[in-house]
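One structure is given here, and the rest of the page talks about it.
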Amino acid sequence: MHRPPLTRLALAGALAFGTAGGAWAVEYGTLDSAASTVGFRFSQMGVTLDGQFKRFSGQLRFDPAKPEAASTTVEVPLSGIDTGTAEGNDEAKAKTWFDTAAHPVARFVSSGVKPLGANRYEVAGELTIKGNRRAVSFPVTYTPGPSAASFDGSLTLNRTDFGIGEGEWSSAEIVAHKVEVVFHLVAKPLAP
Amino acid sequence: MNPRYTSTAIALHWLIALGILAAFSLGLYMTELNLSPTKLKLYSWHKWAGVSLFVLILVRLGWRLTHPAPALPDSMPTLLRLAANVSHWLLYALMLAIPLSGWLMSSAKGFQTVWFGVLPLPDLLAKDAALGDQLKEVHEFLNYTLLALVVLHTAAALKHHFIDRDTVLSRMLPRFQKS
Numbered sequence: 001m002h003r004p005p006l007t008r009l010a011l012a013g014a015l016a017f018g019t020a021g022g023a024w025a026v027e028y029g030t031l032d033s034a035a036s037t038v039g040f041r042f043s044q045m046g047v048t049l050d051g052q053f054k055r056f057s058g059q060l061r062f063d064p065a066k067p068e069a070a071s072t073t074v075e076v077p078l079s080g081i082d083t084g085t086a087e088g089n090d091e092a093k094a095k096t097w098f099d100t101a102a103h104p105v106a107r108f109v110s111s112g113v114k115p116l117g118a119n120r121y122e123v124a125g126e127l128t129i130k131g132n133r134r135a136v137s138f139p140v141t142y143t144p145g146p147s148a149a150s151f152d153g154s155l156t157l158n159r160t161d162f163g164i165g166e167g168e169w170s171s172a173e174i175v176a177h178k179v180e181v182v183f184h185l186v187a188k189p190l191a192p
Numbered sequence: 001m002n003p004r005y006t007s008t009a010i011a012l013h014w015l016i017a018l019g020i021l022a023a024f025s026l027g028l029y030m031t032e033l034n035l036s037p038t039k040l041k042l043y044s045w046h047k048w049a050g051v052s053l054f055v056l057i058l059v060r061l062g063w064r065l066t067h068p069a070p071a072l073p074d075s076m077p078t079l080l081r082l083a084a085n086v087s088h089w090l091l092y093a094l095m096l097a098i099p100l101s102g103w104l105m106s107s108a109k110g111f112q113t114v115w116f117g118v119l120p121l122p123d124l125l126a127k128d129a130a131l132g133d134q135l136k137e138v139h140e141f142l143n144y145t146l147l148a149l150v151v152l153h154t155a156a157a158l159k160h161h162f163i164d165r166d167t168v169l170s171r172m173l174p175r176f177q178k179s
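In structure tokens form, the structure reads like this:
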């Protein structure tokens, strides 16, 4: 079968991207904050509620050929929290919740990445919120793309481990202790 | 022997009356509170009460449609009869519209209603803060309209009992003695 040369070139390009790894490995570095999302999901008296962190920034080093060498640091300024209501946002910044005056930023620093196969990786690291540092690990799915790759995952936290929601809020009766942090991080390839 | 309402109609009338009084008072109180666990708990209770009342009112409406109310006294002027009929159906309409508006408001404000924290009701509206505020106005307006009608309803019942001295009120009162 005879194809015009341009189609063959496009096909070759598609194949190259499709087989990320090996000779065509792309190293990702810049976190595209505008295209990424970091949100959280919790339950309030049986009602599931979703919130977002409107601001965050981070570094992400990932080479599909050397996933063990990957590393990431993500920082979330907690004043950018969106709980869904203005009243909730004010409350979240208060001393009993995130105490953003004393601890303005939540930080995750990875310590290791383990391949799980099929573009899935187990990421371990330390999460610091409100001055409480905890070891966490969670699975991340890597989706390669022509101009950017995405890294999707979630981790479930117990808010009391971090002192989030103290005093009158500490009971799980109103706001559940379990909080799921859901992220969709988009990174662009490093400039060669 | 003057005809009375059925025991079921009487029980539903007073149960719903107490429920509305409780949910209405709770609504007035909870909205004045600053954000606290108590406030969130009361909001949930208010919504649970609203859904429960909606179900009870549907049952009551079904009963009313299959068990006609006893006739009004022959002595009542036609215009007052008409007023009594209209205001009763308006009460039913409001009792259904109020919990519905609350449910829609909750969805628009981004909070799904989960009956007793267990049974999630679908969100008929997507989150929309401006629409949520409008529905709050609607919910309040319907409630104050209901309040005005309940005042009228109570005044009319008392007038029947103490001025007209007929059985319009007593036929809706629970009868505790054996007859």
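Heads up: the sequence lines are chains P and X, in that order. The first sequence begins at 1 in UniProt numbering and counts up one residue at a time. The second sequence begins at 1 in UniProt numbering and counts up one residue at a time. All C-beta atoms, glycine included, are put in the ideal place defined by N, C-alpha and C.
When the beta-carbon positions are compared, Ile-174 of chain P and Pro-99 of chain X stay at least 8 Å from each other.
Under the Cβ distance rule, Gln-112 of chain X counts among the residues neighbouring chain P, one pair being separated by less than 8 Å. In the three-state DSSP reduction, Lys-66 of chain P falls in the coil class, being neither helix nor strand. Under DSSP, the beta-bridge partners assigned to Arg-107 of chain P are P:Glu-75, P:Thr-128. Restricting attention to X:Leu-147, X:Trp-103, X:Ser-170, the CA atom closest to the CA of Leu-28 of chain X is found in X:Leu-147.
Around the beta carbon of Ile-57 of chain X, 16 or more other beta carbons lie within 10 angstroms, which makes this residue buried.
In summary, the residues of the segment 138-171 of chain P whose CB is separated from some CB of chain X by less than 8 Å are Glu-168, Trp-169, Ser-171, in the order they occur in the chain. A Cβ-Cβ contact shorter than 8 Å links Leu-149 of chain X with Ser-87 of chain X.
By the Cβ rule, the segment 67-79 of chain P counts as touching the segment 48-56 of chain P, because three or more pairs are nearer than 8 Å. Listed along chain X are Pro-37, Leu-40, Lys-41, each with a C-beta nearer than 7 Å to that of Ile-174 of chain P. Remark: fewer than three beta-carbon pairs, one from each stretch, lie closer than 8 Å, so the segment 175-190 of chain P and the segment 99-112 of chain X are not flagged as touching. The Cβ of Thr-30 of chain P sits no closer than 8 Å to any Cβ of chain X. DSSP, read as helix, strand or coil, puts Gly-58 of chain P in strand. DSSP, reduced to helix, strand and coil, places Ser-33 of chain P outside both helices and strands of the structure shown, so it counts as coil. Inter-residue distance for Ile-81 of chain P and Asn-89 of chain P is about 6 Å (C-alpha atoms, whole angstroms). At a Cβ-Cβ threshold of 8 Å, Leu-125 of chain X and Ser-107 of chain X count as neighbours. Annotation: Cβ neighbours of Gly-46 of chain P in chain X (cutoff 7 Å, chain order): Val-114, Gly-117, Val-118. Inter-residue distance for Phe-176 of chain X and Glu-140 of chain X is about 37 Å (C-alpha atoms, whole angstroms). In the displayed model, Thr-100 of chain P falls within coil according to three-state DSSP, outside both helix and strand.
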